[in-house]
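J.: First residue of the first sequence: 684, per our numbering; consecutive thereafter. Where a beta carbon is used, it is the ideal one built from N, C-alpha and C, also for glycine. It should be emphasised that the depicted structure is a prediction, and the values quoted were computed from it without experimental measurement.
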Amino acid sequence: MTLNLYNTLTRKKEPFEPLRKGKVGMYVCGPTVYDLAHIGNARPIIVFDVLYRILIRSYGIENVQYVRNITDIDDKINNAALEKGISIDKITEPTIEAFHQDISELNALPPTIEPRATDNVSEMIQLIQELIKRNHAYEVNGHVIFDVQSDPKYGSLSGQNLEQILSGVRVEVASYKRSPADFVLWKPSDKNLPGWDSPWGRGRPGWHIECSAMSRKHIGDCIDIHGGGLDLIFPHHENERAQSECSFPESRFVRYWIHNGYLTVNGEKMSKSLGNFVTIRDALCNLPGEAVRLFILGSHYRAPIDWNERQLDQARSSINRLYTSLRNVKDLNVHESYQIPSDIVIDALEDDLNTPAALTEIYRLASLLNKESSCDKLERLKGALISSAQLLGLLDQDINSWFLDSKETKNISTDEIDTLILKRNKARKDRDFEEADHIRGILDEKGIILEDSEHGTKWRWKR
RNA sequence: GGCCAGGUGGCAGAGUGGUUAUGCAGAGGACUGCAAAUCCUUGUAGAUCGGUUCGAUUCCGAUCCUGGCCUCCA
């Protein structure tokens, strides 16, 4: 089977074919770095990481250009900097660093390139000049505005025509705009705000232009896959499409538009005013990164998904189950020829990233692994399980560290644990089960689970 | 008002015109001094009303309901 993807532009699942045979260019909208990333930001990171992994598998990592930008010019950043009386890089640098830390715990592969808006202002200016030259933009009072009426295709991505968009306008419209739907490409900066010299005076770019400029610079005039959250369809991606295609009408801007669904928290939209804003960092305090990942991948990427305790407990139990089945074969070496993912997992993922169906097969492999006794079959199953899970970015950790490392400050050392286990086993030998159970109780309170077997007693942390 | 998604068992969540999804939780059993883990058994769901069909959770229509977008947003 070949990769099929649901294209927002056509509202249909389509077989994926890149423009240039054997080469793929994918652009995903990355974070605006004014604050810690939240779990809603984590969803596209994880979803497009899985897409990246299956593209790498088919095309080779050297043939997939995965661009994920960092937007480090933005009025939210400016406001935060003004409020604290510091320069914007004092806001953006630590935020970028935190973002990288957070998503590495989610086991997301680094993109091929991660361009920053601040490094691409001249490209944006060039693009704006091109739009003015082609009569798609006009200058007023130091602003440069995109003229939506000059673009007959405006609205085609979000499935609306200009009339429908205008009927929905509910924000006060700046008087210098020709049409209420016109949007800003460039705006002037006063001396308190960061600014760049331009043909229109010192100023800064509008919201959408950075993605048009950076995708063109790093992929080209036509990008194969453009991804992001559902809420970016309008206006962000609609405007990007308009800018890119109007400045270079010889090419379609994007072949496949892919959008992930929303994430709610306890059934409600996440927002600062509701106080239900969950950062990735908060989430990782009491949940392993892979449990977050499993939670996200447990639903189809286009379906809505709700963040709540019960769901997270389920994800935690499920990931533990998978690691547990690997623990039983942790010393078994898998020959390279067995390190191949299951066809069922590949087919599921290639069918518009059906991660729940892929997980079903992964659970089945784990279950077979638990039951199997023949060494050769165990080796095949272990190879298939790990290779399949790695397409989803799961089961990537060392088995011992999964069960024996703890993020929390340990209130007991491994030596103490071993001593207690020795003591308990002596008690068991003497059939002093009261003492044995007492010791089990002590360790249980410290968050340690003991497992007796004919090969001795093993311990692990509750996770 | 316009546009777009959905409504599946206790929870989460897929595929599918006719046979067990799967995971978590629950119940019973095996194993164990007790546990844990694992294995076995178990649940008979598809918003409502029509239609098509030998047969519909799956196709079609209507109704009801929920969520999202309509220039802050992943």
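Can you tell me where the beta strand (DSSP E) holding residue 866 begins and where it ends?
T.: Its beta strand (DSSP E) spans residues 866-871.
J.: Rounded to a whole number of angstroms, what is the C-alpha to C-alpha distance between residue 690 and residue 983?
T.: C-alpha separation (whole angstroms): 15 Å.
J.: For residue 747 versus residue 1036, is the C-beta spacing smaller than 9 Å?
T.: No, the pair does not count as a contact, with Cβ atoms beyond the cut-off.
J.: Per DSSP, what kind of secondary structure is residue 727 in: helix, strand or coil?
T.: Of the three classes helix, strand and coil, the one that applies to residue 727 here is helix, per DSSP.
J.: Exposed or buried, which one is residue 986 when buried takes at least 16 other CB atoms within 10 Å?
T.: Classification of residue 986: exposed, given that the 10 Å Cβ count is below 16.
J.: Can you tell me whether DSSP reads residue 802 as helix, strand or coil?
T.: Note: residue 802 maps to helix in three-state DSSP.
J.: To the nearest angstrom, report how far apart residue 1070 and residue 1023 are at their CA atoms.
T.: Spanning the two alpha carbons is a distance of roughly 6 Å.
J.: Nearest-angstrom Cα distance between residue 719 and residue 996?
T.: Rounded to the nearest angstrom, the two C-alpha atoms are 24 Å apart.
J.: Name the two residues that bound the continuous alpha helix (DSSP H) containing residue 1097.
T.: That run of the alpha helix (DSSP H) goes 1097-1112.
J.: Any idea what DSSP makes of residue 700, helix, strand or coil?
T.: Of the three classes helix, strand and coil, the one that applies to residue 700 here is coil, per DSSP.
J.: Put residue 793 into one of helix, strand or coil per three-state DSSP.
T.: Three-state result, residue 793: coil.
J.: At the level of alpha carbons, what is the spacing between residue 1127 and residue 1145?
T.: The alpha-carbon atoms of residue 1127 and residue 1145 are separated by roughly 9 Å.
J.: Residues in its own chain within less than 6 Å of residue 1104 by CB, not counting five upstream and five downstream?
T.: Hits under 6 Å: 1140.
J.: Expressed to the nearest angstrom, what Euclidean distance is found between the alpha-carbon atoms of residue 893 and residue 1099?
T.: Distance between the alpha carbons of residue 893 and residue 1099 is about 56 Å.
J.: Which class does residue 945 belong to by DSSP, given the choice of helix, strand or coil?
T.: The answer is coil: DSSP assigns residue 945 none of H, G, I, E or B.
J.: Just tell me which of 941, 946 and 805 has its CA closest to the CA of residue 881.
T.: Measuring from the Cα of residue 881, the nearest candidate turns out to be 805.
J.: By DSSP, does residue 840 sit in helix, in strand, or in coil?
T.: Here residue 840 sits in coil by DSSP.
J.: So which of 699, 1047, 961 and 1096 has the shortest CA-CA distance to residue 657?
T.: Nothing about residue 657 can be reported from this structure: the residues present for the chain run from 684 to 1146 only.
J.: In three-state DSSP terms, what is residue 829?
T.: It is a strand residue.
J.: Going by beta carbon distance, what residues of the same chain come within less than 6 Å of residue 831, once the five residues before and after it are set aside?
T.: Cβ within range, chain order: 837, 862, 864 and 865.
J.: Using a Cβ distance threshold of 8 Å, determine whether the region 1002-1014 contacts the region 1035-1055, with at least three qualifying pairs required.
T.: Taking 8 Å as the limit for Cβ pairs, the verdict is that the region 1035-1055 does touch the region 1002-1014.
J.: Helix, strand or coil: which one does DSSP assign to residue 883?
T.: Reduced to three states, the DSSP call for residue 883 is coil.
J.: Once the 5 residues before and after residue 885 are set aside, which same chain residues still bring their CB inside 8 Å of it?
T.: So the list reads 871, 872, 878 and 879, once near-sequence residues are dropped.
J.: Within the chosen definition, does the region 920-929 reach the region 957-976 through at least 3 CB pairs nearer than 8 Å?
T.: The answer is no - the region 957-976 does not touch the region 920-929, with fewer than three Cβ pairs under 8 Å.
J.: Are residue 757 and residue 799 closer than 9 Å when you measure CB to CB?
T.: The answer is no: Cβ separation not under 9 Å.
J.: In whole angstroms, what is the alpha-carbon distance linking residue 813 and residue 902?
T.: Residue 813 and residue 902: Cα-Cα distance of roughly 19 Å.
J.: Mapping DSSP to helix, strand and coil, what is residue 1133?
T.: In this structure, residue 1133 counts as strand in the three-state DSSP scheme.
J.: What separation, rounded to the nearest whole angstrom, lies between the Cα atoms of residue 1077 and residue 829?
T.: Their Cα atoms are separated by approximately 44 Å.
J.: Cutting at 7 Å between CB atoms, please list the residues of its own chain near residue 1001, excluding the five before and the five after it.
T.: Counting only Cβ-Cβ distances below 7 Å, and skipping sequence neighbours, we find 977.
J.: Quick one: Cα of residue 1058 to Cα of residue 1020, how far?
T.: When rounded, the distance between both Cα atoms is 15 Å.
J.: Using only the alpha-carbon positions, how far apart do residue 888 and residue 895 sit?
T.: Rounded to the nearest angstrom, the two C-alpha atoms are 12 Å apart.
J.: For residue 1136, count neighbouring C-beta atoms within 10 Å of its own C-beta (all shown protein chains included) and say buried if the count is 16 or more, exposed if not.
T.: Exposed, because fewer than 16 other Cβ atoms sit within 10 Å of the Cβ of residue 1136.
J.: When you compare only the Cα positions, how much space is there between residue 1044 and residue 1027?
T.: Using only the alpha carbons, I get a separation of about 7 Å.
J.: Specify, as a first and last residue, the run of the alpha helix (DSSP H) that residue 900 falls within.
T.: Start and end: 892-901.
J.: Cα separation between residue 1125 and residue 1087?
T.: One C-alpha to the other measures close to 18 Å.
J.: Whole angstroms are fine: how far does the CA of residue 724 sit from the CA of residue 737?
T.: For residue 737 and residue 724, the distance between alpha carbons rounds to 21 Å.
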